[in-house]
Each structure stands twice: as C-alpha cells, then as structure tokens.
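For the record, the sequence lines run as chains X and S. Position one of the first sequence corresponds to residue 9 (our numbering), numbered consecutively onward. Position one of the second sequence corresponds to residue 9 (our numbering), numbered consecutively onward. In this text, a Cβ means the ideal position worked out from N, Cα and C, and glycines have one as well. Quantities reported herein were computed from a predicted structural model and do not represent experimental measurements. Below is one structure, written out as structure tokens, with a few remarks after it.
2 protein chains.
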Amino acid sequence: MLTVWAIGGIPEIVDGDDIAAIIGDAVDGTLEDGDILAVTSKIVSKAEGRVVLAADREQAITDETVRIVATRVHPGGVTRIVENSLGIVAAAAGVDSSNTPDGTVLLLPVDPDASARRLREVLERRFGLRLGVIVTDTLGRPWREGQTDVAIGSSGVRVLEDLRGTRDTQGRRLDVTAPAVGDEISAAADLVKRKSDGLPVAVVRGLSHLLDADALGARSLIRRADMDMFRLGTDEAWQQGFEAGRVARE
Amino acid sequence: MLTVWAIGGIPEIVDGDDIAAIIGDAVDGTLEDGDILAVTSKIVSKAEGRVVLAADREQAITDETVRIVATRVHPGGVTRIVENSLGIVAAAAGVDSSNTPDGTVLLLPVDPDASARRLREVLERRFGLRLGVIVTDTLGRPWREGQTDVAIGSSGVRVLEDLRGTRDTQGRRLDVTAPAVGDEISAAADLVKRKSDGLPVAVVRGLSHLLDADALGARSLIRRADMDMFRLGTDEAWQQGFEAGRVARE
Numbered sequence: 009m010l011t012v013w014a015i016g017g018i019p020e021i022v023d024g025d026d027i028a029a030i031i032g033d034a035v036d037g038t039l040e041d042g043d044i045l046a047v048t049s050k051i052v053s054k055a056e057g058r059v060v061l062a063a064d065r066e067q068a069i070t071d072e073t074v075r076i077v078a079t080r081v082h083p084g085g086v087t088r089i090v091e092n093s094l095g096i097v098a099a100a101a102g103v104d105s106s107n108t109p110d111g112t113v114l115l116l117p118v119d120p121d122a123s124a125r126r127l128r129e130v131l132e133r134r135f136g137l138r139l140g141v142i143v144t145d146t147l148g149r150p151w152r153e154g155q156t157d158v159a160i161g162s163s164g165v166r167v168l169e170d171l172r173g174t175r176d177t178q179g180r181r182l183d184v185t186a187p188a189v190g191d192e193i194s195a196a197a198d199l200v201k202r203k204s205d206g207l208p209v210a211v212v213r214g215l216s217h218l219l220d221a222d223a224l225g226a227r228s229l230i231r232r233a234d235m236d237m238f239r240l241g242t243d244e245a246w247q248q249g250f251e252a253g254r255v256a257r258e
Numbered sequence: 009m010l011t012v013w014a015i016g017g018i019p020e021i022v023d024g025d026d027i028a029a030i031i032g033d034a035v036d037g038t039l040e041d042g043d044i045l046a047v048t049s050k051i052v053s054k055a056e057g058r059v060v061l062a063a064d065r066e067q068a069i070t071d072e073t074v075r076i077v078a079t080r081v082h083p084g085g086v087t088r089i090v091e092n093s094l095g096i097v098a099a100a101a102g103v104d105s106s107n108t109p110d111g112t113v114l115l116l117p118v119d120p121d122a123s124a125r126r127l128r129e130v131l132e133r134r135f136g137l138r139l140g141v142i143v144t145d146t147l148g149r150p151w152r153e154g155q156t157d158v159a160i161g162s163s164g165v166r167v168l169e170d171l172r173g174t175r176d177t178q179g180r181r182l183d184v185t186a187p188a189v190g191d192e193i194s195a196a197a198d199l200v201k202r203k204s205d206g207l208p209v210a211v212v213r214g215l216s217h218l219l220d221a222d223a224l225g226a227r228s229l230i231r232r233a234d235m236d237m238f239r240l241g242t243d244e245a246w247q248q249g250f251e252a253g254r255v256a257r258e
C-alpha cells in the first residue's frame with residue numbers, strides 16, 4: 009500500500025529560510041522510518057536565494073543554457089527549450105515565473121542532489137529515522153500534452169529501479185526494464201501537492217524498499233548524450249548512427 | 009490522502025478472457041465511489057488477442073508504424089523508435105516481448121480508450137459506483153534514463169487537469185500549467201504494480217475530484233504534431249519555424 013499526502017503549515021519561503029527546520033516542524037510527529045519526502049524545487053530555490061529580477065529573465069535563461077534544443081518565435085515572444093547545466097531539458101531552462109515574488113523569477117537550485125542530501129541529513133538526525141528526500145520539478149515532454157513532475161534532486165532513495173537481469177513470469181530476462189521510480193514518486197506526489205495553494209511538500213509512504221543511503225542522486229536520471237536515441241536533428245545524433253525523422257525527410 | 013495498491017488474484021490472461029469480469033471478481037467488495045483502476049495494457053492486449061508470432065515481430069512493428077522517429081543499428085539488431093497509429097511514440101511501436109507466451113509478442117490494444125470505456129461501463133454497473141479506468145503502458149523518454157508508466161487509454165477520469173486561466177498565490181495567471189494527471193496516476197500505480205509478478209491492476213483512491221463521465225480519453229494526451237516544439241530534425245518542424253539543435257549545427 010502506497011500512501012501520499014501533502015503537508016500543511018509551510019509558510020511562504022524567502023531567501024535564507026532554513027527549510028529543513030521549517031519542513032521538520034511541519035511534519036513533526038507524523039513521519040515513519042522509510043518515508044520519502046517530495047519537495048517542490050521552487051521552495052528550495054527560494055530558500056537558496058536563486059531569485060533574479062524578472063527584467064533579467066532572458067539573460068538568466070541564457071546563463072543557465074548549455075544547449076538549445078528548440079526555439080520558437082511566436083507573437084508573445086520567444087520560447088526556448090534548452091538543456092541547462094544540470095543536464096535537464098526544460099522550457100526556459102527551468103527559469104520559473106509562477107508563484108514567485110512580484111517582479112522576480114526563480115532559477116533552479118544550483119545542485120538539487122546536494123540540497124536533497126542536506127535536507128535528509130537534518131531530518132534523519134532530528135527524527136532518528138531513515139528517510140528519502142526527492143526535489144521535484146515540473147517538466148513538459150515531447151509528443152505528449154501537459155506536464156508531469158520529475159526528480160531533479162534526491163538523496164537516500166533509489167531513483168532508478170534496475171530490473172535488468174531479473175526475469176519475467178516466463179523466465180525470460182527483462183533486459184531493458186528500469187523503472188524511473190524517482191520520477192514516478194515525484195508524479196505521485198504532484199497529485200496531492202498544490203503548488204499554487206502553498207502545499208509544496210508531500211510525504212510518500214510504502215516504498216521503504218527503495219531507501220538506500222548510498223543511492224545515486226537524481227542526476228543519474230539524466231541520460232548521457234551519446235546514449236540518447238531521441239537526441240534528434242543534431243549533428244551528434246547523426247554521427248552516432250541515428251537516422252532521425254527519416255519519413256519526414258524522404 | 010492518496011492511496012494506491014495492487015490487486016491480487018488476477019490469473020494469467022489469454023485471448024478471449026473477459027477481463028472486466030476477472031478484474032471485477034478480484035476487486036469485489038473493495039471499491040469505493042470515485043476510485044480509479046489502473047490496468048496494465050498488457051492484459052488488455054492479451055484478452056483482445058493482440059498476439060503475433062515472435063517470428064513476425066519486425067513485420068508487426070512495421071505494420072504498427074506511422075512515423076519513424078529514430079533508428080539505431082547495433083550489434084544486437086535494429087532498434088526503432090516510432091510513432092504508432094495511436095500517436096504514441098515508443099520503442100518498437102509498443103510491440104512487447106516480455107511477459108508474453110513463449111514464441112509470441114504483444115501489440116498494443118487497437119483502441120485503448122474504447123477498452124477503458126468498456127471496462128468502466130461493466131464495473132460501474134456491477135458495483136453501482138462512479139469509477140475511472142486508465143489503461144497504462146511503460147514508455148522510455150528522451151533525455152532521461154529509465155521508463156515511466158503513462159496513460160494510453162482512459163475513461164471517466166480527466167487525464168489533463170487544465171489550470172490555464174487559474175491564478176497562482178500572487179494572483180498571476182498560470183498560463184501553461186496543465187498537469188498530465190493521467191500519466192501521473194499511471195506512474196503512481198506503477199510503483200505498486202509488479203507486472204512481472206502478476207499484479208497488473210492497481211486501485212487509486214483519493215482523486216475523485218478528477219472523475220468526469222464525459223472526460224476526453226487518453227488519446228487527448230497526444231500532442232498535435234504542429235504544436236510539438238520537440239519534434240526535431242524533421243521537415244515539418246523546420247517549416248513550423250522551429251530552430252532545432254542550433255548549437256550542434258553551428
């Protein structure tokens with residue numbers, strides 16, 4: 009049985025806030041060993057002072073950008089889908105203009121895995137429990153409408169459940185199956201969080217088998233460029249032997 | 009509070025099985041008004057006889073393919089990422105070789121929204137409850153490791169929670185926010201289902217606000233090609249004014 013609920017009582021977060029203490033106060037007395045906390049990256053960014061003036065938004069996007077994936081010019085301006093320094097592909101490099109103080113925009117945390125680790129260490133010590141922490145962000149996807157939450161930072165919880173080498177009910181090897189459980193936990197948490205209503209943290213209970221103090225962070229969910237069959241329309245992809253958009257080109 | 013659990017007692021499904029009756033027997037006495045059932049597409053395909061000989065796998069992939077997105081030749085053979093007739097972009101057109109009877113592979117259901125609708129109608133009538141049904145499949149993603157479950161069919165439940173027009177805590181319009189809750193529910197269900205251990209159905213409780221008898225099916229989660237900024241490397245994309253892979257091309 010998986011249970012997921014949002015935590016109330018978290019105030020508007022500002023630069024310098026100790027969110028480990030604030031979240032700890034909000035969950036005090038409710039956590040159990042093996043629980044996972046899903047924390048919206050927005051409050052991590054705010055606490056870490058990753059705020060810039062809205063007037064500097066375009067420059068901020070440029071500064072965060074490692075690779076431009078797609079650009080579209082439209083009447084409302086320019087939308088850029090880019091890869092940022094974390095390896096995350098997102099609209100506007102993850103620079104966020106909603107639920108931010110007026111006249112400002114938010115950048116993603118500098119190192120969300122480190123942010124998750126700090127949160128976990130403080131909360132595990134305070135409560136004497138083994139916990140997992142996932143820092144989530146909301147991303148669009150190719151080919152599909154809408155957005156889902158994914159894990160951009162994590163600590164203490166396996167984000168990729170590698171089933172390669174295990175066997176299916178017919179005894180055959182499940183060669184490529186590796187559920188991205190970190191992203192699935194983030195998605196489950198998004199169903200109860202209401203970021204626009206001040207519920208940026210959820211508790212996920214029932215997945216203690218995924219807890220692992222030495223687990224790789226969410227950075228490990230970023231696919232290496234040279235392994236990415238979807239990296240289309242780029243010279244790298246063609247050089248890797250990909251044959252992209254063949255139907256359309258013919 | 010969101011709770012999610014897998015349903016035991018579902019036998020191996022074969023061509024012609026009445027899965028509405030089988031799932032109904034397995035959940036009998038446990039459902040409440042507003043519950044959502046997440047059903048792995050594999051058992052829907054099996055019941056609908058969407059089985060072909062493994063020897064015909066390559067031809068089956070070709071038959072299911074509407075558009076080739078990427079092809080990679082490697083020592084083990086050829087992997088094709090393609091768009092199928094449902095608009096779903098998946099490796100091998102969603103043709104599935106795991107947990108299938110020996111010597112066979114499975115195609116996706118012909119019309120997963122219709123499959124979900126039939127399931128819902130039978131189960132709602134049997135139990136006298138309002139229910140949602142989502143048919144799920146496991147997909148890889150560009151740029152990110154591993155797979156997540158998404159909704160490829162649905163009935164009675166909103167799969168896209170359109171927040172456009174609503175306002176954030178600062179009173180600003182959340183212009184582009186539309187959580188793909190159908191995919192997030194599928195992901196949450198995958199965390200408790202163990203497809204390789206015969207647990208292909210999960211109950212999702214706590215989201216009755218998403219129930220809507222007239223909701224569009226999961227087909228509505230497929231992005232229209234002319235709205236897809238990620239549709240890179242294709243002539244359509246360039247004609248739409250996209251500037252794809254600019255850094256790599258320069």
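CB-CB length for residue i against residue j, believed under 8 Å
| i | j | result |
| --- | --- | --- |
| valine 143 (chain S) | serine 123 (chain S) | 6 Å |
| alanine 1 (chain S) | arginine 152 (chain S) | This structure cannot settle anything about residue 1 (chain S), because the visible part of chain S is limited to 9 through 258. |
| isoleucine 15 (chain S) | valine 211 (chain S) | 6 Å |
| arginine 75 (chain S) | valine 90 (chain S) | 6 Å |
| lysine 54 (chain S) | leucine 114 (chain S) | 7 Å |
| leucine 219 (chain S) | glycine 140 (chain S) | 5 Å |
Selected residue, minimal CA-CA separation from residue i, among the options
| i | options | result |
| --- | --- | --- |
| serine 163 (chain S) | S:Ile76, S:Ala226, S:Arg232, S:Thr146 | S:Ala226 |
| arginine 58 (chain S) | S:Ile21, S:Ile31, S:Asp43 | S:Ile21 |
| leucine 171 (chain S) | S:Gly161, S:Pro187, S:Thr156 | S:Pro187 |
| glutamine 155 (chain S) | S:Val189, S:Val209, S:Thr108, S:Ala99 | S:Ala99 |
| proline 120 (chain X) | X:Pro83, X:Ala46, X:Arg75 | X:Ala46 |
| isoleucine 30 (chain X) | X:Glu72, X:Arg125, X:Ala221, X:Val52 | X:Val52 |
| valine 118 (chain X) | X:Thr108, X:Leu139, X:Arg128, X:Gly95 | X:Gly95 |
| asparagine 107 (chain S) | S:Gly206, S:Leu215, S:Val81 | S:Gly206 |
| aspartate 145 (chain S) | S:Ala159, S:Glu56, S:Leu115, S:His217 | S:Ala159 |
| alanine 34 (chain X) | X:Leu131, X:Thr11, X:Gly24, X:Val60 | X:Leu131 |
| valine 209 (chain X) | X:Ala28, X:Ser105, X:Val77, X:Glu72 | X:Ala28 |
| leucine 147 (chain S) | X:Asp23, X:Glu192, X:Pro109 | X:Glu192 |
| leucine 39 (chain X) | X:Phe135, X:Thr11, X:Val77 | X:Phe135 |
| isoleucine 232 (chain S) | S:Thr112, S:Val97, S:Val60, S:Leu61 | Checking the sequence, you will find arginine at residue 232 (chain S) rather than isoleucine. Comparing Cα-Cα distances from arginine 232 (chain S) to each of S:Thr112, S:Val97, S:Val60, S:Leu61, the minimum goes to S:Val97. |
| glycine 37 (chain S) | S:Gly24, S:Leu137, S:Lys201, S:Met9 | S:Leu137 |
| alanine 63 (chain X) | X:Leu116, X:Gly111, X:Thr174, X:Gly190 | X:Gly111 |
| leucine 10 (chain S) | S:Ser228, S:Leu229, S:Ile230, S:His217 | S:His217 |
Buried or exposed (CB count within 10 angstroms, at least 16 for buried), residue i
| i | result |
| --- | --- |
| glutamine 67 (chain S) | exposed |
| arginine 257 (chain S) | Bear in mind that a pLDDT of 29 at arginine 257 (chain S), under 50, signals an unreliable position, so the model cannot answer this. |
| proline 313 (chain X) | Limits of chain X in this structure are 9 at one end and 258 at the other, which puts residue 313 (chain X) out of reach. |
| leucine 199 (chain S) | buried |
| aspartate 43 (chain S) | buried |
| alanine 221 (chain S) | exposed |
| proline 150 (chain S) | buried |
| serine 194 (chain X) | buried |
| serine 49 (chain S) | buried |
| alanine 196 (chain S) | buried |
| threonine 185 (chain X) | buried |
| arginine 128 (chain X) | buried |
| aspartate 157 (chain X) | buried |
| leucine 61 (chain X) | exposed |
| valine 12 (chain S) | buried |
| glycine 190 (chain X) | buried |
Beta carbon proximity, residue i to chain S, threshold 8 Å
| i | result |
| --- | --- |
| threonine 48 (chain X) | no |
| glutamate 153 (chain X) | yes |
| serine 228 (chain X) | yes |
| leucine 224 (chain X) | no |
| threonine 112 (chain X) | no |
| proline 150 (chain X) | yes |
| arginine 231 (chain X) | yes |
| leucine 10 (chain X) | yes |
| leucine 45 (chain X) | no |
| leucine 39 (chain X) | no |
| alanine 195 (chain X) | yes |
| leucine 94 (chain X) | no |
Within-8 Å CB hit, residue i to chain X
| i | result |
| --- | --- |
| aspartate 198 (chain S) | yes |
| aspartate 191 (chain S) | yes |
| proline 187 (chain S) | yes |
| valine 165 (chain S) | no |
| valine 97 (chain S) | yes |
| arginine 126 (chain S) | no |
| threonine 156 (chain S) | yes |
| alanine 62 (chain S) | no |
Proximal chain C residues relative to residue i, where beta-carbon distance stays under 7 Å
| i | result |
| --- | --- |
| threonine 70 (chain S) | Absence of chain C from the displayed structure is noted, the protein chains being X and S. |
(request) Can you check the segment 53-80 of chain S for any beta strand (DSSP E) of at least 3 residues that lies completely inside it and give the ranges in chain order? (result) 59-61
(request) Counting only runs of 4+ residues fully inside the segment 98-173 of chain S, write out the alpha helix (DSSP H) ranges in chain order. (result) 120-135
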